[in-house]
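Q: Provided herewith is a single structure, encoded as structure tokens, for subsequent inquiry.
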Amino acid sequence: MSSGGITDEAAIEGHDLIHNAEVEEQKLHGSHALTNEDLEPPAGKADLEQAPPSDQKKESTMDKVKEALNMK
Numbered sequence: 001m002s003s004g005g006i007t008d009e010a011a012i013e014g015h016d017l018i019h020n021a022e023v024e025e026q027k028l029h030g031s032h033a034l035t036n037e038d039l040e041p042p043a044g045k046a047d048l049e050q051a052p053p054s055d056q057k058k059e060s061t062m063d064k065v066k067e068a069l070n071m072k
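3 is the number that full-length UniProt numbering gives to position 3 of the sequence shown; each next residue is one higher, with no gaps.
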């Protein structure tokens with residue numbers, strides 16, 4: 001059991017479900033898909049704008065989900 005209160009199996013199933021939904025969205029919407037990687041940080045993110053470029057990290061939606069599920 002993971003420390004988040006859900007089982008590892010449930011976390012993996014949740015991850016797979018989200019991943020499959022993202023793949024389907026990208027098939028349907030191509031370059032306009034909301035799940036494409038962010039090329040630039042959103043405007044108004046002062047912390048990211050002030051950080052040196054080497055400290056900035058581009059994260060895909062899947063990376064954010066993995067981090068939220070403590071799988072990363």
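Ideal Cβ positions, reconstructed from N, Cα and C, are used throughout, including at glycine.
Would you grab the beta carbon distance between residue 82 and residue 69 for me? Rounded to a whole angstrom, and I think it's under 8 Å.
A: With the chain covering only 1 through 72, there is no way to say anything about residue 82.
Q: Excluding the 5 residues preceding and the 5 following residue 23 in the sequence, name in chain order all residues of the same chain whose CB lies nearer than 7 Å to its CB.
A: Numbered from 1 along the sequence shown, position 23 holds the residue referred to as residue 23. Counting only Cβ-Cβ distances below 7 Å, and skipping sequence neighbours, we find nothing.
Q: Using a threshold of 8 Å, state whether the C-beta atoms of residue 61 and residue 35 are closer than that.
A: In the sequence shown, the residue the question calls residue 61 occupies position 61. In the sequence shown, the residue the question calls residue 35 occupies position 35. Inclusion of residue 61 and residue 35 in the CB contact set at 8 Å is warranted, their separation being smaller than that value.
Q: DSSP on residue 73, reduced to helix/strand/coil?
A: Past the edges of the chain, shown from 1 to 72, lies residue 73, and the structure says nothing about it.
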